[in-house]
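Numbering (the working numbering), first residue to last: 545 to 698.
Even for Gly, the Cβ is constructed at its ideal location relative to N, Cα and C.
Treat the numbers as computed from the prediction; the structure is a model and nothing was measured.
Comments concern the structure below.
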Amino acid sequence: MLENLRFTGEELAVMSFFESMTGVSPIDCVIEDDSVILVVKNKDFKTLLRNASMMQRKSRGAIRFLLEELEKVVKKKITIIKYYPNPEEFLRGFFSLRKDEDVKLIKKPDGTMYAVIYVNPRRKGAVIGRNGYKAKQGRMLAKKYFNLQTIFIR
545 MLENLRFTGE ELAVMSFFES MTGVSPIDCV IEDDSVILVV KNKDFKTLLR NASMMQRKSR
605 GAIRFLLEEL EKVVKKKITI IKYYPNPEEF LRGFFSLRKD EDVKLIKKPD GTMYAVIYVN
665 PRRKGAVIGR NGYKAKQGRM LAKKYFNLQT IFIR
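Below is the structure:
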């Protein structure tokens, strides 16, 4: 699904600025009202960490420093997400699932697919996010990249 992506001028500007600052080219950019989601290939994330730590001269908090610098210019909250070509891995990484938490993909007879994420009841709020924000982002990206109709968090 990545080959069919189209970008607005604002998205291209943010992607170009991100690449010039980090040396890593994002594969997607989603701009919402008050936030920007940048999607980076998993293999490029190590390069991003290395380049960010060189900017700050300390590896600890390097990504946070980089995000703060980007947020000053863009004036929106920025989130960087790792892209995995496998939907289960992508959802596991996006929601920061632990080893005891699971993702199941279910295909309906009509051909549509959806995901069920099983999490520890104590962590359910962290996975869903404040006002369901993280769950909404996850659903939107899963539909965009993997054509998943919805995500259930149980």
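Hey, how far is the Cα of Ser579 from the Cα of Lys651? As a first step, residue 579 must be located in the sequence shown, where it is residue number 35. As a first step, residue 651 must be located in the sequence shown, where it is residue number 107. Going by the C-alpha atoms only, they are around 32 Å apart.
Mind checking which residues open and close the alpha helix (DSSP H) that includes Thr694? Your numbering for residue 694 matches position 150 in the sequence shown. That residue, Thr694, is in no alpha helix (DSSP H); its beta strand (DSSP E) goes 692 to 697.
Would you say Val618 and Asp588 are within 9 Å of each other, going by their C-beta atoms? To locate residue 618, count along the sequence shown from 1; it is residue 74. To locate residue 588, count along the sequence shown from 1; it is residue 44. Cβ distance not < 9 Å, so Val618 and Asp588 don't count as in contact.
Rounded to a whole number of angstroms, what is the C-alpha to C-alpha distance between Lys687 and Pro570? To locate residue 687, count along the sequence shown from 1; it is residue 143. To locate residue 570, count along the sequence shown from 1; it is residue 26. Those two C-alpha atoms are separated by around 19 Å.
Under the three-state reduction of DSSP, which class applies to Val671: helix, strand or coil? On the sequence shown, position 127 is the one that residue 671 refers to. The answer is helix: DSSP assigns Val671 an H, G or I state.
In whole angstroms, what separates the C-alpha of Ser597 from that of Gly637? Residue numbering aside, residue 597 sits at position 53 when the sequence shown is read from its first letter. Residue numbering aside, residue 637 sits at position 93 when the sequence shown is read from its first letter. Answer to the nearest angstrom: the Cα atoms are 22 Å apart.
Can you name, in chain order, every residue of its own chain whose Cβ lies under 8 Å from the Cβ of Ala679, other than the five neighbours on each side? Mapped onto the sequence shown, residue 679 falls at position 135. Closer than 8 Å at the Cβ level, and outside the excluded window around Ala679, lie Val671, Ile672, Gly673, Ile695, Ile697.
Using a 10 Å radius around the Cβ and a threshold of 16 neighbouring Cβ atoms, would you call Thr552 buried or exposed? In the sequence shown, residue 552 corresponds to position 8, counting from 1. The residue in question, Thr552, is exposed, as its Cβ has fewer than 16 Cβ neighbours within 10 Å.
Give the DSSP bridge partners of Ile582, in chain order. In the sequence shown, the residue the question calls residue 582 occupies position 38. Before going further, note that residue 582 is Leu rather than Ile in the sequence given. The beta-bridge partner set that DSSP reports for Leu582 consists of Cys573, Ile624.
Are there 16 or more other CB atoms within 10 angstroms of the CB of Arg550, so buried, or fewer, so exposed? The residue given as residue 550 occupies position 6 in the sequence shown. That one is exposed.
Can you look up Leu649 in the DSSP assignment and give me helix, strand or coil? As a position in the sequence shown, residue 649 is number 105, starting the count at 1. It is a strand residue.
Rounded Cβ spacing between Ile661 and Val647 (contact assumed at less than 8 Å): If you number the sequence shown from 1, residue 661 lands on position 117. If you number the sequence shown from 1, residue 647 lands on position 103. Contact flag correct, Cβ pair sits at about 5 Å.
Three-state secondary structure assigned by DSSP to Val617: The sequence position of residue 617 within the sequence shown is 73, counting from 1. Note: Val617 maps to helix in three-state DSSP.
Identified DSSP bridge partners for Tyr658: Counting from 1 along the sequence shown, the entry for residue 658 is found at position 114. When beta bridges are read from the DSSP output, Tyr658 appears opposite Ile650.
Distance CB(Tyr677)-CB(Tyr627) smaller than 9 Å: To locate residue 677, count along the sequence shown from 1; it is residue 133. To locate residue 627, count along the sequence shown from 1; it is residue 83. Result no, Cβ atoms of Tyr677 and Tyr627 do not sit closer than 9 Å.
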